[in-house]
Amino acid sequence: MQLCVGQVARAEQFWPRDTEINRIWDTIESGGHILIAAPRRVGKTSVMYKIYDEPREGYVVAFVDVESADNEHEFWHKLFNTLTSETFIGQTHRYTAKFTASLRELAGKVKKVSTSGIEFGDGKTLDYAAAFEKFVTELQIDRKLIIMVDEFAQAVENIIKYQSKEQAESFLRTARSLRQNPKILEKVTFIYAGSIGLESVVARIGATKSINDLNSIKIPPLVFEDAFAFTRALCKEIEADDKAITYLLEKIEWLIPFYIQLIIQETNKEMLSRESVDGAITAALQHKNHFEHWKSKLKEAFEPSGYNFAKEVLNIISDKQTIKSSAITNLISKHNLDHDIAKEIVHTLVYDGYINNNDDPKTYRFNSPILRMWWYSNVAN
Amino acid sequence: MSLTNYSRYKYTPDEMEEREFLSRFVVRTDIFNDIFEDIKSANNTVPQQHYIIIGQRGQGKTTLLRKVLIEVKNSPELSERIVPVKFSEEQYQIRSLSRLWEEVADYLQSIYPDVFPDILDKMEGHFDDEDYELKSFNLFEDTVMQSEKKLLLLIDNIDELIDKLSIKEQRRLREILLSSSSIRIIGGSTDMLEQHHKYDKPFYQFFKIIKLRGFNESEAHTFLRAIAKEDQKEQIETLIRTNPARIETLRRLTGGVPRTLVMLFDILMDDGGDAFDDLLKILDEVTPLYKHRMDDLPPQLQEIVHTIAMNWDGMLTREVAKKTKLESKAISSQLKQLEKYEIVESESIGKNKIYKIKERFFNIWYLMRYGRKKDRQRVEWLVKFLESWYSKEELEERAKRLIDSLQTTEVSPNHAYHMTEALSHAGISIELEHLLKMEASKFLQAKQSQFVQELTPSDFAMAKNINQLIKRDKIDEALILLKQLKDKNELSQSLYKSISMQQKILAQIKNIHVLSDQIVNFNDKTQCIKDLYELDIIKQNENDPTLWLIISLIELKCEDYQRSFSNFSRWLSTEDGKILEKINQEYLLTLIAKEQYYQAKRFFEMEVYGFKDIYKPIWYALMHLMGEDEEYKKMGSELTESVNEVLERIQEDEEKYGNL
C-alpha cells in the first residue's frame, strides 16, 4: 500500500470500502439518487472514483467537479463539457458500441453552451433543463448513466454568493425536477458529494425540500480492525509491531485513512513506536495546508457573528475536550445570535465533521483528536 | 522574486554548467530520490501527487527543481513519456489560469516542436470563443492527451503565481489537480507566511509539502567537500578532520542554509573580494522583498525584530523586554506572533527561551542595511564569523594578508572596508589594527571611495585622543571615547587607570593642601621635613610617584626648595607626572605664590614638559608678575580672563602662605 496523502486515492491506493460501495450500488440499482454524506477528508471523492474506475456491468459513469462554477450557466457548461469530452466518450472499452455511437452523435449536436442556453444542432437554443432532457432522451443506453457531481454544494454556495439566494433556490428546484423527470429517472442516476454539507447550505436558504429526494449514504471512518489492517499494509517498509499500531490508532481515534497516512508519512520510515508516533503527530500538525481550511471554511460560510460563535465553541472544546449544550446556549446569548441560525451553525459543525454528540446528545466533542490538537494550538491560542 | 541575476554561479543554481551542478548535488539526495521514485513508479492513468518544496531563501529549492529536471531529461525511460516544463522568471506575469496554460503551450511548442507542433495554435483558434476561459484547460489537455505524454511542471516561486489567481481560479485549479492525470506540479515556495494564511486555499491540500531544513553537521561536511574548489579541497579535508568544531560554528551561525553557508565560506576563504561584492549584490536584490516584509509588520513587532536583529546572537525574553522597554508579558505574546510568522525562532534553555532571527541571511541583510555607520553593528555578523572561524594568530595572518592586498590594490573597496572593520573588531593586536586602518584609509582614499569617511578610528589613534582629553581634565569626554575602544584590556585598562589616578588625586589635592598645611603649621619647618621622611606611610610607599608629588608640595610650603624642586622633577619624569596636568598646576601655582618666580620660569622653559603650552594662562600671569611686559604682550586677548583668574588665585595663596 503506497502512501497517498492529499490526492484522491485511485487504483491500488484505494483501500477497500466494500460496505459503502455496495450500499451505493444497491441504491443505484434500486433507482435512487444519492447524496454521499460525510465530513471532509473522509474519502468521499476516492469512493466516487472507485465507482468511476470500476463500474458494474452495463453502467456508464461520468465524473464532474463543479466547485469553480459561480453561476448556473457554468454548472451546465461543465456538465455538458464532461459529457461531450473526448475523455468521456473515448472510454470505448467500457461501453457498448451502440452507446458510443449515440454519444458521439449527440456530442456532435451540442454546438454551443452559452449564457442563454444550449444550442442543439438544429439551430434552436434550449434552456439547460430542456437541453439536458433532450440529451438524455435521445441517448441510447441499456442500463444507466451515473453522473457524479463532486462539490455540488460548493457550486450552490457560489451561486448564493455571486448571484442570489433566489437563483440558487431556482437552480436547486430545477435540479430536483430533472431528477424526478421520468424520462431522466429511467436513464440517469445522480450522485452528489462534496467537502461541505449540502444539507447545511440548502437549509440556510430554506430549500431543504429541494433535496429531499436524495438518499443519504454515509461514509464513516474505518472501524478499528479495518484501520489496523490498513495501517499494517502501509507499514510494509516500516518496522511496526502491533502495540505501536494500536497506540497510533488510539491516538488518532477518528480513523480516516487521511489522518493515518498523514501521520505515517511523518515517521519518515522510522520504526513505529510510541515516541515516533508522538513525534509524527506533532510534525503532522505543522502541515498548515492540511488544517488551515478547517478554520477558513467557517469564515467563508458564516457571517462574522456566526463565525465568532462557531470559533468560540470550537475553542472551548479544543481546550476542555467537551462542551455542553447549555454552555452553547450561553454562547448564543453572548454573541447575540438568532437561536435558529445558531442551531444551524452547530448542525453544520456536526455535519462537516468538526464535532459530534454521539455519546450524549447534550455533549459535543471534536471528532478527531488530531484536529482538536491543531485547533487548540493554532486557533484557540 | 527568483534570483537569477548575479555573476557568481555558485549562488545561481540555474546558471551553473550541468556537470558541475550535478557534482555538487550531494546532500538532499533522500528528498530527491523520494520524488524521483514517485515519478518513476506512478500509475499514469490517474492524477499524480503534486509537490511543493518549501524553504527559506537559499535552502535549495531551485537546485532541487533543476535536479529533477536534469534527471528526468537524462533518463531514457522517463524522457520517453514525461515532458518537463521549467518556468522562467518572465512567466510570472501570468495572472490567470488560461494564461498559464497558454504559457505552457507556448513553451511546449517552442521547445518540443516535434511532440507539440501546434498546441498553442490550436488554443489560439478558440481565443474568441465566448466560453474560452471555461474551456482553456480542456483545449490544452486534449492535445496533451493525444500526445500520450505527461507534463511535469517545475514552478519556482509557485506561491507568487498562485497569489495572483482569483478564488474562482483557485477552485478551478483544484478541480484540475483532482481529475487530470496529464500534469504533475512540483513547485518551490518561500516560507514566508506573514499575515496571510496561505495554506488555507483548497487546492493546497493536494500538495505534498516538503520542508527543507538547514544542513546538519555531517550534511555540512558533505556539502563543503563538494563545493570546495580544487585548491581548497585539501584544506577542507584537514579542517573536517582536525577542527570540525569550526565548521560546526559556521553551520550554526548560518542556520545550515546552503547558500548562506557557501557565501560565508567564500568570504572566509577568498582574499580577493569577489565574494563580498557578490554578497552585496544579493543583498541589493533581496532588499525590496525584505523591506516589504518589515513594512508589513505593525510598529511594535518591527521594533522587536530590530532589537533582536541588531544583537545577532539570541536574546532572552527579558533582555528583549528591557531593550524595547515593553512589558515582559506583552513581549511574550508578540514574540510568539513573530514565531508564527517564522521571522524569529526560539530555543528553550531550561525554563527560559532564547529568540533569534530565523533566517540568518535576513539578519545579515538587516545589519548591513540598518546597522549604525562607524559602528560595529553593520559588520556584527562578519565579526562573529571571523571570531569563530579563526584563531587569534590566524586572524592576525588574515589582517596581514589584507594589508598586503591593500598595498597591491587588488582588492575591491567593499571588501577592503568591511573586512577591515570586521577584523578590527574581531580581536587583532592594537598595532596591527592601526596599521590596517592606515592602509585601508590610504587605499580607500586612492580609490575615491565614500567608505573612507566611514572607517572607524583605530584603538591606537583613539588612545592618543583619550590621553589628551585626560590631560585636559575632560574626563567625561574621555570616558565616552574609552567605551568605544575595541581592546578592552591593555589599552583601556591603562587609560582607566590614568583617569582614576587623576580623579583620585584631584580629590586628594584638597587633602594634600590640607595635609601639607597642617604639617607645616604645627611644626618647626626643618623638623617637619625630617619627621616627614620618618613617617611610616612615606617609608612604605617610597616608590609611589604620587608621594613625591605630595612631598614636593609639602617641602615647597616648608620652603625646602632644593628638595622640593628635585622631588617635583622626579614626579614630572614619571608616566603620570607627564599627564596629570591638574596636579602639576597646583604645584606651579603654589610655587609662584611663594614668589619663586625664577624657578617657576625655569620649569616653564623646559621644553620637554610643555608647560608653556599647557598652562598658558599661568605663564602669562608669571610674566606679568615678573614685569616681563614684552612677553606678556604676546598674550592673545582671549586669555585675559583666565590669566586674571590665575592672578587672583595666586593672590589668595600668597595671603595664605605669606603668614607662614
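Line by line, the protein sequences give chains F and B. First residue of the first sequence: 1, per my numbering; consecutive thereafter. First residue of the second sequence: 382, per my numbering; consecutive thereafter. Each residue gets a CB set at the ideal place from its N, CA and C atoms; glycine is no exception.
1) Does the distance from the CB of residue 147 of chain F to the CB of residue 71 of chain F come in under 8 Å?
2) For residue 542 of chain B, would you say it is in contact with chain F, using Cβ-to-Cβ distances shorter than 8 Å as the test?
3) Decide if residue 576 of chain B is buried, meaning its Cβ has at least 16 other Cβ atoms within 10 Å, or exposed.
4) Please confirm whether residue 689 of chain B and residue 732 of chain B have their CB atoms less than 8 Å apart.
5) What residues match up with residue 360 of chain F in a beta bridge as DSSP calls it?
6) Along chain B, in chain order, which residues have C-beta atoms closer than 7 Å to that of residue 70 of chain F?
7) Quick one: what's got a C-beta closer than 6 Å to residue 740 of chain B's C-beta in the same chain, skipping five residues either side?
8) When the cut-off is 8 Å and only beta carbons count, does residue 532 of chain B lie next to chain F?
9) Return no unless some Cβ of chain B is closer than 8 Å to the Cβ of residue 237 of chain F.
10) Residue 343 of chain B and residue 593 of chain B look like a contact to me (Cβ under 8 Å); what is the Cβ gap, rounded to whole Å?
11) If you follow the alpha helix (DSSP H) that residue 247 of chain F is in, where does it begin and where does it stop?
12) Do the region 799-816 of chain B and the region 830-847 of chain B make contact, defined as three or more Cβ pairs closer than 8 Å?
13) Take residue 1024 of chain B and list the residues in its own chain whose beta-carbon comes closer than 6 Å to its own, dropping the five residues that flank it on each side.
14) How far does the beta strand (DSSP E) with residue 538 of chain B in it extend, from its first residue to its last?
15) On the three-pair Cβ rule with 8 Å, is the region 215-222 of chain F touching the region 31-44 of chain F?
16) Compare the Cα-Cα distances from residue 597 of chain B to each of B:794, B:409 and B:1035 and report the closest residue.
17) Helix, strand or coil for residue 431 of chain B, going by three-state DSSP, please let me know.
18) Suppose you measure from the CA of residue 82 of chain F to the CA of residue 119 of chain F; what does that come to, to the nearest Å?
19) Alpha helix (DSSP H) containing residue 42 of chain F: first to last residue?
20) Would residue 10 of chain F pass as an interface residue toward chain B - the criterion being a Cβ-Cβ separation below 8 Å?
21) At a Cβ cut of 7 Å, what residues of the region 582-615 of chain B count as close to chain F, listed as they run along the chain?
22) According to DSSP, residue 728 of chain B sits in a beta bridge with which residue or residues?
23) Going along chain B in order, which residues have a C-beta closer than 7 Å to the C-beta of residue 208 of chain F?
24) Just the Cα atoms here: how many angstroms apart are residue 405 of chain B and residue 608 of chain B?
25) Measuring only the C-alpha atoms, how far is residue 295 of chain F from residue 379 of chain F?
26) Decide if the region 927-939 of chain B is in contact with the region 948-958 of chain B; the criterion is three or more beta carbon pairs, one per stretch, under 8 Å apart.
27) Name the chain B residues that come within less than 9 Å of residue 266 of chain F, Cβ to Cβ?
28) Check each candidate in B:571, B:551 and B:487 and name the one with the smallest Cα separation from residue 586 of chain B.
29) Which term fits residue 461 of chain B, buried or exposed, when burial requires 16 or more other beta carbons within 10 angstroms of its beta carbon?
30) In the DSSP assignment, what residue or residues form a beta bridge with residue 696 of chain B?
31) Hey, could you find the ends of the beta strand (DSSP E) residue 117 of chain F is sitting in?
32) Apart from the five residues just before and just after residue 680 of chain B, which ones in its own chain have a Cβ nearer than 7 Å to its Cβ?
33) Could you say which of B:430, B:648, B:864 and B:420 lies nearest to residue 559 of chain B if we only look at CA atoms?
34) For a cutoff of 8 Å on Cβ pairs, would you count residue 54 of chain F as touching chain B?
35) Just the chain B side, please: which residues come within less than 7 Å of residue 85 of chain F by C-beta, in chain order?
36) Helix, strand or coil: which one does DSSP assign to residue 669 of chain B?
The answer reads as follows:
1) no
2) no
3) Note that residue 576 of chain B has pLDDT 40, beneath the 50 cutoff, so the model's placement of it is unreliable and no number is given.
4) no
5) F:363
6) 549
7) The beta carbon of residue 740 of chain B sits closer than 6 Å to the beta carbons of 437 from its chain, once the five residues preceding and following it are set aside; these are given in chain order.
8) Not a single C-beta of chain F is nearer than 8 Å to the C-beta of residue 532 of chain B.
9) no
10) Missing from the structure shown is residue 343 of chain B; chain B here goes from 382 to 1041 and no further.
11) 242-252
12) Yes, the region 799-816 of chain B is in contact with the region 830-847 of chain B.
13) 998, 1001 and 1002
14) Note, residue 538 of chain B: premise wrong, no beta strand (DSSP E); not H, not E.
15) yes
16) It is B:409 whose Cα lies nearest to the Cα of residue 597 of chain B.
17) strand
18) 16 Å
19) Premise fails: residue 42 of chain F is in no alpha helix (DSSP H) and is neither H nor E.
20) By the rule that beta-carbons nearer than 8 Å mark a contact, residue 10 of chain F touches chain B.
21) 583, 585, 586, 587, 588, 589 and 590
22) B:735
23) Simply none; closest approach about 25 Å.
24) 6 Å
25) 8 Å
26) yes
27) What residue 266 of chain F touches in chain B: nothing, since even the nearest Cβ is about 11 Å away.
28) Of the residues B:571, B:551 and B:487, the one whose Cα lies closest to the Cα of residue 586 of chain B is B:551.
29) The residue is exposed, with fewer than 16 neighbouring Cβ atoms inside 10 Å.
30) B:736
31) 117-120
32) none
33) B:430
34) no
35) 519
36) helix
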